[in-house]
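S.K.: Okay, handing you the structure first.
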Amino acid sequence: MGDKKNEGIFRYAEGYDKILMFLGTLGSLGDGLQVPLTMYVLSGVINQYGDPYDPVTLSTVNKYSLRLLYVALFVGLSAFVEGLCWARTAERQTSHMRLEYLKSVLKQDVAFFDTQEAGSSTTYEVVSTITADSNAIQVTIGEKIPDTLANMSSFIFCHVFAFTLSWRLTLAALPFSVMFLIPALRFGKLVMDVGMMMATSYSGAGSIAEQAISSIRTVYSYVGEHQTIEKFSNALQNTMKLGIKQGLARGVMIGSMGIIYINWAFQAWFGSILVSKHGAKGGDIFVAGFNVLMGGLYVLIALPNLTAISESRGAITRINEMIDRNPTINSEDKKGKALSHVRGLIEFKGIHFSYPSRPDTPILQGLHLRIPASKTVGLVGGSGSGKSTIVSLIQRFYDPAEGEILLDGYNINNLNLKWLRSQIGLVNQEPILFATSIKENILFGKEGASFDDVVAAAKDANAHDFIVKFPDGYDTNVGQFGVQLSGGQKQRVAIARALIRDPQILLLDEATSALDSESERVVQKAIDHVSVGRTNIIIAHRLSTIRKADLIYVLQSGKVIESGSHNELMKTNDSHYFKMVQLQLSAPATELQSPHIRSVSASPASVRSSAPNTPLMNLFSPGFSMSSPYSVQVDASFESDYENNSKKLSHLKPSQFRLMKMNSPEWVTALWGCLGAIGCGVIQPINAYCIGGVINVYFQTTKSTMVEHASKYSYMFLGVGVFSFFSTVIQHYNFAITGEKLTTRVREKLLEKIMTFEIGWFDKDENTSAAICSLLSSEANMVRSLVGDRLSLLTQAVFSAIFAYGLGLVLSWRLTLVLLAAQPFLIGSLYARRVLMKSLSENTQKALREGSQLASEAVINHRTITAFSSQKRVVSLFKDTLQGPKDESIRQSYYSGAGLFSCQFLTTMSTALAFWYGGRLLAKGLIEPERLFQAFLVLLLTAYTIADAGRMTRDISRGSSAVSSVFAILDKKTEIDPDTSRGRDSIKGNIRGHVELRNVFFAYPSRPDHMVFKGLSLKIEQGTSVALVGPSGSGKSTVIGLIERFYDPLKGAVFIDEKNIKEYNLRGLRSHIALVSQEPTLFAGSILENIAYGKPSATESEIRNAAALANAHEFISGMKDGYETYCGERGVQLSGGQKQRIALARAIIKNPAILLLDEATSALDTMSESLVQEALEKMMNGRTCIVVAHRLSTIQNSELIAVINDGKVVEHGCHSDLLSIRGGVYSNLVKMQCSNSPLRK
């Protein structure tokens, strides 16, 4: 498949597709014969009707009318075959291509995703390719290529018939038809280049929006809305300037087509010479000249299609490059040895390693490590010391720069990669789940496993009990990124996924960090049980999980500094390990959860209020629809339910009026554009009137004055040409300014409005970050075409029609009225064709959205997919999502053929009607031949202008739905207004920090039937530190979500400083609150920018102080670029501990009155945690602090500890008070943890 010769646009055509394309090509060639054949028949008609010496008879009229009917049937049937075959094969080929593309992306090594350049989003690029690029290719195959073939057919046959009728005129006029191409090609390339620059320019703005929306909780918490909108707005300015430049270039390009009128001027003069001096027939001369002119025009008409085809070649090249890209570490590679028996001995010999994204920062430096077979080995060390890197190298996510890794004495580079990974079970620190059922998520660990295996694995991982309590049990959908489960629940499902494959090597990277004490104890017991006979490698900050390890390696700066068992390492008082243990003994790092409180909730877990929202991409990610000035985009966004409702309710006229109002600042520019459009509109009728006059000149009985009369018309044509050029430039330039400014305004208003919506809105499936980004890019751009392009075209078409019909009525009211009666059928068929040929119906769009979301998740979770070799499973799921579009396309292809048939048939029949009725009027002496030709041409050419307006109808119908989508957003009233006028000035001084929850009842909007809180009351005094304790899923993090007012209670209220938080200006309130979540969200930017996000006006010294307080300054300074180090998409370039410390620094710099810590130190190693805890304690002084934690170290010094269970606070008091309650939940917990502490003997 990688052959260079086979890299074209039809690379994915199979045998059946080739048959369809062959038949479609024949149909396109027949379709292209419409004008040449019609005009050839008309040459005879004109000769008969114009001859002053031979009166017209009804038999002559009927003879030619019948010939025109045959032409209409022939071209109509050809067009039907063309539409049917090309539409069908386009969908087949692009489906195949999407599948191959996703397969290739999934087989890429992890380094490929790490090394994407700064500012780019891999997810965004992949999903945009699967959607926008592949849609552009589908449009190219289904529409652009057949249109181009039809145009080329017209070009060739126009010239063939022209030579047949008058070779002299044809040869003389040919240079003029070539003259069309010179300015068109030159300015056309400029228009295309600027379009590409616009697409690139917008992708920057699109990335800003996507990151903010996918991390909306962080944005809201840090009141980053205005920062985001300002950055987005600034990024849009360059796109707008490029759009205006493109409009001017397009105006000059189209205006230069005034050369047409020079051609008419020449033909009028030269034709009169041929008729008067060489005895040529007037009809033959006119049709030959018309055909030469049309031949040139068809090349021009083909140019936009050629541009689109050229762009699609660029897209297919990008896609093929990815499909043909062979990763350095290829998971599909069949080579390599598969051992018949694996003992599990792993050896690292002299390993040097740096991440591909940071080649100058060494991670491992000459590492030597031996992991004995069937033993448990613990890896400990500071954050960033290389522990997780070792796990990545064992799975061959990367290859070391030097040294070798051996499994049972074999270099793992020489082993079959898929087999190697099949021997390894992985559980990560941050569990990654897919938006499917719990059962399917566990099955990712082992293809073809039975349901009994799934249940057994879930039981081993202590997940079975909470799963069966869900209404749907194992079929419960976990939501995007597993957002419907709590952190502990997600982790247990991830452990079950690892256990189901019965691995020889078990890799546990902080695997139990998110579990409560009881769950951890049971899971640890399960892990101990399944660990027997396996090689186990455990990374843990909590030494409790590795005390029983056979061997412990202490890492520092990529080297082993100590090794031995727990007991051996504890013998040396000054050892690094001993110091770590002492730190944990002084603050026992055990979890604070009651063994008696079981998690019974099926609530959307605590994670919902803290984890970043899923960045799943919908179809049509940002920035595509601007890539070409010509191509008709298929990337209409997928309307969600609220959008569909808005479409049913909204009417286009008021929407159009509202858009006009939004464009009102540009009214002077729009007025100039309309004047230019009116000028362009009247040109065509004047031109047609002159052409009719020239035909009549050819039939003058006085030959001597013929050339003189024709010369007068030649001068008129030249004047029309000059007027046309200036009108067109004025029209396009001014409407470009109007349209681009509107697009920018709509995008800014949309993002500003979306940034006021409550978190519950973002939780809905249809409001993924990608769906919203699609609205900002594709649909906002559609709005531009609806107002700018539509207003321009309609103004031109309306004034052209008024002028033409008025002129027609003056010339021959009878013929004009008959043709007017027929025109609705013609215009209706054009409109129907364009509407019916909407390439994607709503069902198809929905189906493609599912595929797009799946692709997005696959890219985001590529490490998990790679670790479990689940590529085939994902591709299979993706293939299923393509079935819907396939079924829909079969129906659409028939619509396409029917639309094309009616369009071509009725166009030709309207000509037949005109000459049939005109001939009858001539035979009765009711019209002069000159008036017949003039009236016919005026109305025919005007019909083509209206047809051009008809060509816009698909964009207009899309634009109309886009307007509905846009106004559905702009009209939506948020349930939690962050900027209410009430309370805007209510935070004049500082917030003191007294917090109270009174009788709060709450359920998440996505699960209204499951109550999280049932009358919860909690009072937190100003300046005190309060810890929240409870089972996983009990709602600890929900308390934080309610204080931040991410959600409002169903009943009861939250008070701050004894005032209901609904009475505060929300953004003002949030500026006094800082949140640090369990899973920190960083943005794609430098470390400096990420810390400054907490306080945009911060000085560099303030940023450094905050980083130092968060124990981040040292590791940042150690990086090559220091504070300017790029964090990567969602902070992917940093370790978990590093990300968390930067998030802490971001909170510290905010200097908040209320500090919310949701498992804030869970990702830190013991040393870092100790220092950060010290920093936090300093920071907590004088502030109200609310801490959610499993570890006692983070809460034992809290002034108040609240134990939450079953939707209420069941115990509260300080550490010592709670211990004194005999048989209390807290005291039982402490007894259990002390007896269970692995650090005490």
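Start counting the sequence shown at 1; every next residue gets the next number (UniProt numbering). Just so it is clear, CB atoms sit at the ideal spot from N, CA and C, and this is done for glycine as well. Treat the numbers as computed from the prediction; the structure is a model and nothing was measured.
1) Decide yes or no for the touch test of the segment 1038 to 1047 against the segment 1089 to 1108: beta carbon pairs closer than 8 Å, at least 3 of them.
2) Nearest CA to the CA of R784: which residue from A1074, G282, A962, K144?
3) K924 by DSSP, collapsed to three states: which one?
4) Looking only at its chain, what residues have a beta carbon closer than 6 Å to the beta carbon of P1080, apart from the 5 residues adjacent to it on each side?
5) On the three-state DSSP scale, how would you describe C903?
6) In the DSSP assignment, the beta strand (DSSP E) including Y298 goes from what residue to what residue?
7) Tell me, please, which residues DSSP counts as bridged to T376.
8) Mind reading off the beta-carbon distance from A288 to F717? Whole number of angstroms is fine, and I expect it under 8 Å.
9) On a Cα-Cα basis, can you pick out the residue from L69, V377, G487 that is closest to T535?
10) Should K281 be labelled buried (16 or more other beta-carbon atoms within 10 Å of its own) or exposed?
11) Going by DSSP, what residues sit across from D509 in a beta bridge?
12) Please report the straight-line C-alpha distance between A605 and D1048, rounded to a whole angstrom.
13) Whose CA, out of L1218, P431, L426, lies closest to the CA of G445?
14) How is V223 classed by DSSP in three states: helix, strand or coil?
15) Expressed to the nearest angstrom, what Euclidean distance is found between the alpha-carbon atoms of D133 and R313?
16) Consult DSSP for V1188 and reduce its assignment to one of helix, strand or coil.
17) For R920, which residues from the same chain have a beta carbon less than 8 Å from its beta carbon, with the 5 sequence-adjacent residues on both sides left out?
18) Please report the residue range of the alpha helix (DSSP H) in which E447 lies.
19) In the DSSP assignment, what residue or residues form a beta bridge with A1074?
20) Please report the distance separating the alpha-carbon of A1061 from that of A1053.
21) Can you check the segment 22 to 62 for any alpha helix (DSSP H) of at least 4 residues that lies completely inside it and give the ranges in chain order?
22) Would you please state the rounded distance, in angstroms, between the beta carbons of residue 1296 and R421? I believe it to be under 8 Å.
23) Mapping DSSP to helix, strand and coil, what is F348?
24) R547 by DSSP, collapsed to three states: which one?
25) In chain order, what residues of the same chain lie with their CB nearer than 6 Å to the CB of W264, ignoring the 5 residues before and after it?
26) Taking buried to mean at least 16 other C-beta atoms within 10 Å of its own C-beta, is Q484 buried or exposed?
27) Below 8 Å on the Cβ atoms is my guess for L236 versus T669; work out the distance and round it to an integer in Å.
28) Which two residues bound the contiguous beta strand (DSSP E) that contains H368?
29) Nearest CA to the CA of A308: which residue from E402, I141, V56?
30) Note the first and the last residue of the continuous beta strand (DSSP E) segment covering K1208.
31) Whole angstroms is fine: what's the gap from R168's alpha carbon to G693's?
32) Return the residue from the list G283, N428, S1037 that minimises the CA-CA distance to P52.
33) Looking at the secondary structure, which residues open and close the beta strand (DSSP E) in which R998 lies?
34) Starting from the Cα of P362, find the closest Cα among Y713, H368, E404, I351 and give me that residue.
35) Are the CB atoms of F735 and G808 nearer to each other than 8 Å?
36) Can you check whether the CB of E82 is closer than 8 Å to the CB of D31?
M.R.: Put simply:
1) They do not touch, by the three-pair rule.
2) The residue you call residue 784 lines up with position 784 of the sequence shown. Taking each of A1074, G282, A962, K144 in turn and checking the Cα distance to R784, the smallest one comes out for A962.
3) Residue mapping note: residue 924 aligns to position 924 of the sequence shown, counting from 1. In the structure shown, K924 sits in coil (DSSP, three-state: anything other than H, G, I, E or B).
4) Translated into the one-based positions of the sequence shown, residue 1080 becomes position 1080. When the five nearest sequence neighbours on each side are left out, the beta carbons in the same chain lying within less than 6 Å of the beta carbon of P1080 are those of K1139, Q1140, A1143, in order along the chain.
5) The residue labelled residue 903 in the question sits at position 903 within the sequence shown. In this structure, C903 counts as helix in the three-state DSSP scheme.
6) Numbered from 1 along the sequence shown, position 298 holds the residue referred to as residue 298. For Y298, no beta strand (DSSP E) run applies; the uninterrupted alpha helix (DSSP H) run containing it begins and ends at 282 to 324, by DSSP.
7) Locating residue 376 in the sequence shown gives position 376, where the first residue counts as 1. Answer is N536, bridged to T376.
8) Looking up residue 288 in the sequence shown gives position 288. Looking up residue 717 in the sequence shown gives position 717. The Cβ separation is near 17 Å, so there is no contact.
9) In the sequence shown, residue 535 corresponds to position 535, counting from 1. Distance from the Cα of T535 is smallest, within the candidate group L69, V377, G487, for V377.
10) As a position in the sequence shown, residue 281 is number 281, starting the count at 1. Buried.
11) If you number the sequence shown from 1, residue 509 lands on position 509. Note: D509 sits in a beta bridge opposite I539.
12) Numbered from its first residue, the sequence shown carries residue 605 at position 605. Numbered from its first residue, the sequence shown carries residue 1048 at position 1048. Low local confidence applies: a pLDDT of 32 at A605 is under 50, so the model's placement there is unreliable, and no value is given.
13) Reading the sequence shown from its first residue, position 445 is the one you call residue 445. Comparing C-alpha distances from G445 to each of L1218, P431, L426 shows the shortest one belongs to L426.
14) Here residue 223 refers to the residue found at position 223 of the sequence shown. Coil, per DSSP.
15) As a working note, residue 133 is residue 133 in the sequence shown. As a working note, residue 313 is residue 313 in the sequence shown. D133 and R313: Cα-Cα distance of roughly 10 Å.
16) Within the sequence shown, the letter at position 1188 stands for residue 1188. Strand at V1188.
17) For the purposes of this step, residue 920 is taken as residue 920 along the sequence shown, with counting starting at 1. Answer for R920: L58, V61, listed in chain order.
18) Walking along the sequence shown from the start, residue 447 turns up at place 447. For E447, there is no enclosing alpha helix (DSSP H), as DSSP gives it neither H nor E.
19) On the sequence shown, residue 1074 is found 1074 positions in, with the first residue counted as 1. DSSP output for A1074 lists L1155 as bridge partner(s).
20) Here residue 1061 refers to the residue found at position 1061 when the sequence shown is read from its first residue. Here residue 1053 refers to the residue found at position 1053 when the sequence shown is read from its first residue. Reading off the sequence shown, one finds Ile at residue 1061, where the question assumed Ala. Rounded to whole angstroms, I1061 to A1053 spans 8 Å at the Cα level.
21) Taken in chain order, the unbroken stretches of alpha helix (DSSP H) that lie wholly in the segment 22 to 62 and span 4 residues or more are 34 to 50.
22) Outside the shown range of the chain (1 to 1241) lies residue 1296, about which nothing can therefore be said.
23) Looking up residue 348 in the sequence shown gives position 348. DSSP places F348 in the strand class (E or B) of the three-state scheme.
24) Working through the sequence shown from its first residue, we reach residue 547 at position 547. Of the three classes helix, strand and coil, the one that applies to R547 here is coil, per DSSP.
25) Numbered from 1 along the sequence shown, position 264 holds the residue referred to as residue 264. Excluding residues within five positions, the ones whose Cβ falls inside 6 Å are F717.
26) Counting from 1 along the sequence shown, the entry for residue 484 is found at position 484. Result: buried.
27) Reading the sequence shown from its first residue, position 236 is the one you call residue 236. Reading the sequence shown from its first residue, position 669 is the one you call residue 669. About 18 Å separates the beta carbon of L236 from that of T669, a gap too long to meet the 8 Å contact definition.
28) In the sequence shown, residue 368 corresponds to position 368, counting from 1. Membership of H368 in the beta strand (DSSP E) is indicated by the continuous run 362 to 371.
29) Indexing the sequence shown from 1 puts residue 308 at position 308. Considering only alpha carbons, the answer is I141.
30) Along the sequence shown, one-based indexing puts residue 1208 at 1208. It spans 1208 to 1213 - the beta strand (DSSP E) in which K1208 sits, taken as one unbroken run.
31) Taking the first residue of the sequence shown as position 1, residue 168 is located at position 168. Taking the first residue of the sequence shown as position 1, residue 693 is located at position 693. One C-alpha to the other measures close to 22 Å.
32) Here residue 52 is taken as the residue at index 52 of the sequence shown, counted from 1. For P52, the nearest C-alpha among the options comes from G283.
33) Taking the first residue of the sequence shown as 1, we reach residue 998 at position 998. Residues 995 to 1002.
34) Numbered from 1 along the sequence shown, position 362 holds the residue referred to as residue 362. Minimum Cα distance to P362 is reached at I351.
35) On the sequence shown, residue 735 is found 735 positions in, with the first residue counted as 1. On the sequence shown, residue 808 is found 808 positions in, with the first residue counted as 1. No, these two residues do not count as a Cβ contact at 8 Å.
36) By 1-based counting over the sequence shown, the position of residue 31 is 31. By 1-based counting over the sequence shown, the position of residue 82 is 82. Annotated as proximal: D31 and E82, with beta-carbon spacing under 8 Å.
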